[in-house]
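For what it's worth, full-length UniProt numbering labels the leading residue of the sequence shown as 1, then goes sequentially. Just so it is clear, CB atoms sit at the ideal spot from N, CA and C, and this is done for glycine as well. Note that the structure is predicted; figures quoted are calculated from it, not measured. As structure tokens, the structure follows; a few thoughts come after it.
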Amino acid sequence: MRKILKYNAGLLCAMIMCVFSACNSFVKIDASPLVINSAELFRSDEVATSAVVGLYNQMTTLNMSAMNGGITVYSALSADEIYPGGSNTNYEVFYRNAVPESNGIVNLNLWGYLYRSVYRCNAIIEGIDHSTGLSEATRKQLQGEAYFVRAFNYFYLVNLFGKVPLSVETDYRKNAIAPRSEINEVYAQIIEDLKQAALLLPQPYVSQNRVRPNYYTALALLSRTYLYTGQWEQAEKTATAIIDGGMYQREDDLSEVFQIASTETIWQLYRDAVNTSDGAAFIPLSASATPPLILTHELMQRFEGNDQRKAAWTGYNTVDNNPLYYPYKYKIRSGLPVQEYTVIFRLAEQYLIRAEARARLENLEDAKDDVDVIRNRAGLGGTTATDIPALLTEIESQRALELFCEWGHRWFDLKRTGRADAVLEPLKSGWRKEAALLPIPSAERLINVFLDQNPGYND
Numbered sequence: 001m002r003k004i005l006k007y008n009a010g011l012l013c014a015m016i017m018c019v020f021s022a023c024n025s026f027v028k029i030d031a032s033p034l035v036i037n038s039a040e041l042f043r044s045d046e047v048a049t050s051a052v053v054g055l056y057n058q059m060t061t062l063n064m065s066a067m068n069g070g071i072t073v074y075s076a077l078s079a080d081e082i083y084p085g086g087s088n089t090n091y092e093v094f095y096r097n098a099v100p101e102s103n104g105i106v107n108l109n110l111w112g113y114l115y116r117s118v119y120r121c122n123a124i125i126e127g128i129d130h131s132t133g134l135s136e137a138t139r140k141q142l143q144g145e146a147y148f149v150r151a152f153n154y155f156y157l158v159n160l161f162g163k164v165p166l167s168v169e170t171d172y173r174k175n176a177i178a179p180r181s182e183i184n185e186v187y188a189q190i191i192e193d194l195k196q197a198a199l200l201l202p203q204p205y206v207s208q209n210r211v212r213p214n215y216y217t218a219l220a221l222l223s224r225t226y227l228y229t230g231q232w233e234q235a236e237k238t239a240t241a242i243i244d245g246g247m248y249q250r251e252d253d254l255s256e257v258f259q260i261a262s263t264e265t266i267w268q269l270y271r272d273a274v275n276t277s278d279g280a281a282f283i284p285l286s287a288s289a290t291p292p293l294i295l296t297h298e299l300m301q302r303f304e305g306n307d308q309r310k311a312a313w314t315g316y317n318t319v320d321n322n323p324l325y326y327p328y329k330y331k332i333r334s335g336l337p338v339q340e341y342t343v344i345f346r347l348a349e350q351y352l353i354r355a356e357a358r359a360r361l362e363n364l365e366d367a368k369d370d371v372d373v374i375r376n377r378a379g380l381g382g383t384t385a386t387d388i389p390a391l392l393t394e395i396e397s398q399r400a401l402e403l404f405c406e407w408g409h410r411w412f413d414l415k416r417t418g419r420a421d422a423v424l425e426p427l428k429s430g431w432r433k434e435a436a437l438l439p440i441p442s443a444e445r446l447i448n449v450f451l452d453q454n455p456g457y458n459d
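Structural data, given as structure tokens:
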């Protein structure tokens, strides 16, 4: 893997920059001939593979960009998971759900970063389509990865912004005037891309430590997408394919869940030069320092007295005689060597997806069995829920405890279930329902006049 990641670095970086640097903005694409002529990049299996691996390298280059801690931190602030431990304007606007249209993080770290990745995926898919120098196995693997990563980006775009421009090609003329597509259209494209990825990707991983997507990675996002879109039978079926596939096993030891060699990891981001942005964002500078981001009282109160996740996945510093808790799923704040990768998909989520899908289908007993897999691993007894409404409440709680401060799960759960107003209005003064979606960046709307603004923001 290291050889691939570092292959012919000087030449490759120059080539990738020529092909992909045009996507400074999704709607402002340079018409340079260098952008259009990507034949050199896909002339051989090795060079083309390096281009695709570059997709994952780009995810971890900018600290607090979308895929490098940004979605996790800013979504957790927006929900009811964490609050700033000190003065930090960037954190405050998300915590107060008062993000302006001109916010640079939204424009560059979220919208801009996700759309740059979309453009790279489009360029890779088109480049491979026109390539004559790739083996069939490599062609399928790389296109499958590009389809998956494009769907991955659009999943977060639609959940952060709602309606977004939808593009599956590199034509800068079309991109420059692309309007926002309806949410159901974006989800339809995500599902189509994931189905295509699942057809192309093999079950075995082509890299060590599960850092490049495989067939089950595509299914993991597909099952989540089915859940979000209310396709309960498909969500149950897809999650079951992963759970019963035999490739992943639940880690009984909670301290092993986020280790590089975890048996329940489905996909994680390789780290080359530094440890995770999550660790850097959450872990205090010293044992006496105020944590930069503090877990809320509401989250901590959810833990039952003997819930082992509290001890395993949270830490605390005592400041002015008060224990201030922080996320501690990743144990390393900084430094070398790299000992932790960023876990994106893991088996536990699939049990919770299947539990909710089964509950929505009124399959009470099987849904309870799935919930109990999660509860038992945390050292808890079986759920006491005796009807569907009580079980759905329990599933929401277990999702909040199992997936806290991971990839926006809680923020998206509150929105997709229609619970954001009921939960956040009592906790956050000035909460307004329009804050459930981020604003479309004003800089983008100056470039593309066809981008309308989300409700509640200035036009």
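| Check | Outcome |
| --- | --- |
| Neighbourhood of E406 by C-beta distance below 7 Å, restricted to the same chain and skipping five residues each side | T72 |
| Cutoff 8 Å: M300 Cβ touching any chain B Cβ | No chain B is part of this structure, which consists of one protein chain only. |
| Exposed unless 16 or more other CB atoms sit within 10 angstroms - verdict on K163 | buried |
| Three-state secondary structure assigned by DSSP to L122 | As written in the sequence, residue 122 is Asn, which differs from the Leu given in the question. Note: N122 maps to helix in three-state DSSP. |
| Bounding residues of the beta strand (DSSP E) (the contiguous stretch that carries L295) | L293 to L295 |
| Three-state secondary structure assigned by DSSP to Q268 | strand |
| Proximal residues to N306 (C-beta, below 8 Å), its chain only, five neighbours per side dropped | G379 and L380 |
| Boundaries (first-last residue) of the beta strand (DSSP E) holding I82 | I82 to P84 |
| Segment contact flag, the stretch 343-361 with the stretch 281-293, C-beta cutoff 8 Å, min 3 pairs | no |
| Delimiting residues of the beta strand (DSSP E) encompassing P327 | N322 to P327 |
| Same chain, Cβ closer than 6 Å to F148, neighbours up to 5 away in sequence not counted | A197, P213 and A218 |
| Beta-carbon proximity list for L114, same chain, < 7 Å, skipping 5 on both sides | A66, N153, Y156 and L157 |
| Buried versus exposed call for Q249 [16 or more other C-beta atoms within 10 Å across all chains shown] | exposed |
| DSSP three-state assignment for I440, whether helix, strand or coil | coil |
| Strand pairing of N317, partner residues [DSSP] | L324 |
| Beta bridge counterpart(s) of S277 as assigned by DSSP | BP columns for S277 are empty, so no partner. |
| Inter-residue CB distance, V52 and A151 (contact presumed, cutoff 8 Å) | That pair is no contact at about 15 Å. |
| CB of L55 within 8 Å of CB of R120, strictly | yes |
| Straight-line gap, I128 to M59 (C-alpha atoms, nearest Å) | 21 Å |
| Counterpart residues of F345 in DSSP-defined beta bridges | W267 |
| Assigned exposure category for P323 - 16 Cβ within 10 Å defines buried | exposed |
| Distance between S207 and A443 (C-alpha atoms, nearest Å) | 39 Å |
| Buried versus exposed, by CB contacts within 10 Å (16 or more), F26 | With a pLDDT of only 46 at F26, under 50, the local geometry of the prediction cannot be trusted, and no value is derived from it. |
| Host alpha helix (DSSP H) of N97 (start-end) | Here N97 belongs to no alpha helix (DSSP H), and DSSP marks it neither H nor E. |
| Proximal residues to K329 (C-beta, below 6 Å), its chain only, five neighbours per side dropped | F258 and W313 |
| Three-way DSSP call (helix, strand, coil) for W164 in this model | The sequence given here places Val at residue 164; Trp does not occur at that position. Looking at V164 - three-state DSSP - the assignment turns out to be strand. |
| I29, buried or exposed, once every other Cβ within 10 Å from all chains shown has been counted against 16 | Low confidence applies to I29: its pLDDT is 38, below 50, so where it sits in the model is not reliable, and the reading given next is rough at best. The residue in question, I29, is buried, as its Cβ has 16 or more Cβ neighbours within 10 Å. |
| 7 Å Cβ shell around Y226 - same chain, five flanking residues per side excluded | Q234, A235 and T238 |
| Three or more C-beta pairs below 8 Å linking the stretch 73-89 and the stretch 132-146 | no |
| Residue from E46, G104 and N97 whose Cα sits closest to the Cα of M64 | G104 |
| Three-state class that DSSP yields for R43 in the structure shown | coil |
| Exposure of F450, with buried meaning 16 or more beta-carbon neighbours within 10 Å | exposed |
| DSSP bridge partner residues for S181 (one or two, in chain order) | V164 |
| Reference L347; option with closest CA among N184, G246 and I283 | G246 |
| Unbroken stretches of the alpha helix (DSSP H), 4 residues or longer, contained in the stretch 340-411 | 347-360, 364-377 and 388-402 |
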